[in-house]
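Below is one structure; the comments refer to it alone.
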Amino acid sequence: MSMERGLSRREAVRGGLFGAAGLALPALAAAQPAKAKSVIQIWMWGGPAHLDTFDPKPEAGNDYCGSLSNTIPTNVSGIRIGELLPLLAKQADKYSIIRGMTHGVNAHETASYMVQTGRMSGGRDVYPSVGAVVSLLKGYAAGYKGLIPPYIVLTEPQGRFSEAGFLGSRYKPFATGGDPGQTRFAVEGVVAPGISDQRQQNRREYLRKLNSLEHAMKGDAQLAASEQAESQAYDLILGDAGKVFDLSHEKDELKERYGRNTFGQSCLVARRLVERGVPYVTINYKGWDTHKQHFQIMRRKLPELDKGMATLLQDLSERGLLESTIVWWGGEFGRTPRVLWEAPWNGGRNHFGKVFSAVVAGGGFKGGQVVGASDAKGEEVKDRPVYPVDLIASMYELLSIDPGGKLPHPMGQAARVTPTAADGVTVGGRLKEIM
73 MSMERGLSRR
83 EAVRGGLFGA
93 AGLALPALAA
103 AQPAKAKSVI
113 QIWMWGGPAH
123 LDTFDPKPEA
133 GNDYCGSLSN
143 TIPTNVSGIR
153 IGELLPLLAK
163 QADKYSIIRG
173 MTHGVNAHET
183 ASYMVQTGRM
193 SGGRDVYPSV
203 GAVVSLLKGY
213 AAGYKGLIPP
223 YIVLTEPQGR
233 FSEAGFLGSR
243 YKPFATGGDP
253 GQTRFAVEGV
263 VAPGISDQRQ
273 QNRREYLRKL
283 NSLEHAMKGD
293 AQLAASEQAE
303 SQAYDLILGD
313 AGKVFDLSHE
323 KDELKERYGR
333 NTFGQSCLVA
343 RRLVERGVPY
353 VTINYKGWDT
363 HKQHFQIMRR
373 KLPELDKGMA
383 TLLQDLSERG
393 LLESTIVWWG
403 GEFGRTPRVL
413 WEAPWNGGRN
423 HFGKVFSAVV
433 AGGGFKGGQV
443 VGASDAKGEE
453 VKDRPVYPVD
463 LIASMYELLS
473 IDPGGKLPHP
483 MGQAARVTPT
493 AADGVTVGGR
503 LKEIM
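Residues in the sequence shown are numbered from 73 upward in steps of one, following the working numbering.
See the structure below:
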C-alpha cells in the first residue's frame, strides 16, 4: 500500500475538484432518507488506550490502571468513563460508546486500513477509505457544489495508506496543512504566510495586466478553462469560500472553550466546514502511540481531547447540526491493558487490536448507550463484538449509502462499498441497537 500526501489546492484546481463536476455515477443510495449529511472523524492517530478513556477498569489494579485508577460518572446513569474526561462525562447523553471493537491486528498500517475500509490488507486492490467513498457518493455523484472539496483533512494525512485507493487521486483528501491554533491558519494554497489579502489582490490585478495572450485569443477553449480555474482559485483565496478557515469570525469565548491548541481549533474548523455543507472532515489527532511515558502523556493529552471533543458535541447540538452530523472517534486499535512497567517501556502501553473502544454521536446514532463489553481486565471481548465493517456499514446506512452497492473500479472489476463474510472478513452485524 502506497503512502500518499493529501491533495494540494493547486492539484485540486487542476483536476477540477473545486467545481461541481464529477463522475457520471448512479446515486448509490439506500431506500430510506439520509439521517446524516456529514461526518467528522476524530482519528486518534497511533491508537488510544480504552482503559484510560471510555472503558475504565478500576478493579483490575495498578498493573492495568497505573496512576489513572479512578472513574467518573456521566450524565447518563450507569455509564462511567476515565477520570480525565470530565467535560465529555457531561455530554454522554449525546454519544454512544462501543466497547467491543475488535479486529486482532496490531500493526499501524494494516490496522488503519482495516478500520477505515472494513477490509483486510494484502488483497489485489487498495480499497478507498470511508472519507473517499463519502466524497464520491455524497459529494460529486450527488451534485455537491462549492469551492471547498468534499473530503478535508485537518491538518495532514496519515500516510498509512492511500485513502483514495483505486478511486484515484480525484478522491484523495485535501490536507489543509498549517495550524488552526496559530493566529492565522495558513491553509495550503489558500493562505500564504506573511502575505495579506490586499497583497494577494494586487498580485492578481498585476497578473491580469500582464496576460496579453488571453486578450489576444478571446474565445479559445483551453485558455477559457485556465481562466476559470484561476478564477476559482482566487475565489477560494479572496472570496467567501476560503473564509470558512478563518477563525477570526468566531468569538474568543468559544475558541477558549474548544481549547487554544491545534486539536481544539481543528474541532472548531470542522464544525465550520460541516456547517458549510462539506460531507467529510477528518481531524488527524497525533500523539497516541504511547509505548513509553504513557501516563505522563495521558495527563497532558486527555484534558486537551476532553475540552475539544466535548465542546464540538455541544456546539453542534446547540446549532442543530448534531442530528445531521456523525461524529466518529477512534483509532486503528487500542493499547495493551496490562501496563508494561519493565524496560525499555517503563510504564507504557503497546498496540492492542484484540479489543478497543470507539465512540459515535449524531447523524441518527442514539446517545447515552453502551454497545458490547470487554472482560474484567479489558483483554477480551466479553459481549457483542463489533468489527470495523459493522461500524462502517452502519454509518453508510445513516448516510443513505447502500453498503452493498457497487464502486466504480478502474479495471471494471466487481467492487462493493463494504465487504461481506464471503470476502473473508468477520461480520458481527450493523449497530441496530443505537440506530
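The beta carbon of each residue, even a glycine, is placed where N, CA and C say it ideally should be.
For residue i, is the classification buried or exposed, using 16 other Cβ atoms within 10 angstroms of its Cβ as the cut-off for buried?
| i | result |
| --- | --- |
| residue 16 | With the chain covering 73 to 507 only, the question about residue 16 has no answer from this structure. |
| residue 489 | buried |
| residue 416 | exposed |
| residue 255 | exposed |
| residue 385 | buried |
| residue 241 | exposed |
| residue 324 | exposed |
| residue 128 | buried |
| residue 413 | exposed |
| residue 494 | exposed |
| residue 492 | exposed |
| residue 196 | exposed |
| residue 103 | Only weak support is given to the placement of residue 103: the predicted model assigns it a pLDDT of 48, under 50, and the value that follows is read from those uncertain coordinates. Answer is exposed; the Cβ neighbour count stays below 16. |
| residue 163 | buried |
Check the DSSP bridge columns for residue i and list the partner residues they point to.
| i | result |
| --- | --- |
| residue 464 | DSSP, once it has assigned bridges, lists no residue as partnering residue 464. |
| residue 168 | 432, 441 |
| residue 446 | 453 |
| residue 224 | 246, 353 |
| residue 423 | 407 |
| residue 383 | BP columns for residue 383 are empty, so no partner. |
| residue 397 | 110 |
| residue 458 | 173 |
| residue 116 | 357 |
| residue 412 | 420 |
On the premise that residue j lies in contact with residue i, defined as a C-beta separation below 8 Å, what is that separation, rounded to the nearest angstrom?
| i | j | result |
| --- | --- | --- |
| residue 454 | residue 447 | 5 Å |
| residue 350 | residue 222 | 6 Å |
| residue 319 | residue 341 | 7 Å |
| residue 337 | residue 252 | 4 Å |
| residue 248 | residue 224 | 7 Å |
| residue 473 | residue 217 | Contact doesn't hold; Cβ gap of about 19 Å is too wide. |
| residue 390 | residue 426 | Not confirmed; about 38 Å, so no contact. |
| residue 458 | residue 170 | 5 Å |
| residue 418 | residue 364 | 6 Å |
| residue 237 | residue 199 | 5 Å |
| residue 434 | residue 380 | That pair is no contact at about 16 Å. |
| residue 159 | residue 465 | About 31 Å; that fails the 8 Å criterion. |
| residue 140 | residue 156 | 7 Å |
Go ahead and pull the three-state DSSP assignment for residue i.
| i | result |
| --- | --- |
| residue 17 | The question about residue 17 has no answer here: the residues shown for the chain are numbered 73 through 507. |
| residue 402 | strand |
| residue 388 | helix |
| residue 508 | Here the chain comprises residues numbered 73 to 507, so residue 508 is not present and cannot be evaluated. |
| residue 506 | helix |
| residue 247 | strand |
| residue 473 | coil |
| residue 138 | coil |
| residue 145 | strand |
| residue 257 | coil |
| residue 276 | Note that residue 276 has pLDDT 46, beneath the 50 cutoff, so the model's placement of it is unreliable and the number below is only indicative. Looking at residue 276 - three-state DSSP - the assignment turns out to be helix. |
| residue 16 | Because the chain spans 73 through 507 in this model, residue 16 falls outside it and cannot be assessed. |
| residue 370 | helix |
| residue 478 | strand |
| residue 335 | helix |
| residue 488 | strand |
| residue 567 | The question about residue 567 has no answer here: the residues shown for the chain are numbered 73 through 507. |
| residue 219 | coil |
| residue 157 | coil |
| residue 133 | coil |
| residue 238 | helix |
| residue 121 | coil |
| residue 212 | helix |
| residue 497 | coil |
| residue 329 | helix |
| residue 363 | coil |
| residue 194 | coil |
| residue 315 | helix |
| residue 201 | coil |
| residue 375 | helix |
| residue 324 | helix |
Under 7 Å: does the beta carbon of residue i sit that close to some heavy atom of the ligand MG?
| i | result |
| --- | --- |
| residue 412 | As far as ligands go, the structure on display features none, and thus does not contain the ligand MG. |
(Q) I'd like to know if the segment 201-209 and the segment 429-448 are in contact, where contact means that at least 3 CB-CB pairs between them fall below 8 Å. (A) Because the criterion of three Cβ pairs below 8 Å is not met, the segment 201-209 and the segment 429-448 do not touch.
Q) Counting pairs of beta carbons, one from the segment 479-492 and one from the segment 130-146, are three or more of them closer than 8 Å? A) Cβ pair count under 8 Å is below three, so no.
Q.
Using 8 Å as the cut-off, can you tell me whether the segment 113-129 makes contact with the segment 400-412, which would need three or more C-beta pairs spanning the two stretches below that distance?
A. Touching, yes, given that three or more Cβ pairs across the two stretches are closer than 8 Å.
Q: Count the C-beta pairs between the segment 180-190 and the segment 230-242 that are closer than 8 Å, then say yes if the count reaches three, no if not.
A: Short answer: they touch.
Q. Is there contact between the segment 147-167 and the segment 464-473, where contact requires at least three CB pairs shorter than 8 Å?
A. Flag = no, the segment 147-167 and the segment 464-473 do not touch.
(Q) Quick test of the definition: if touching needs 3 or more C-beta pairs under 8 Å, does the segment 391-401 touch the segment 171-184? (A) Too few Cβ pairs lie closer than 8 Å, so no.
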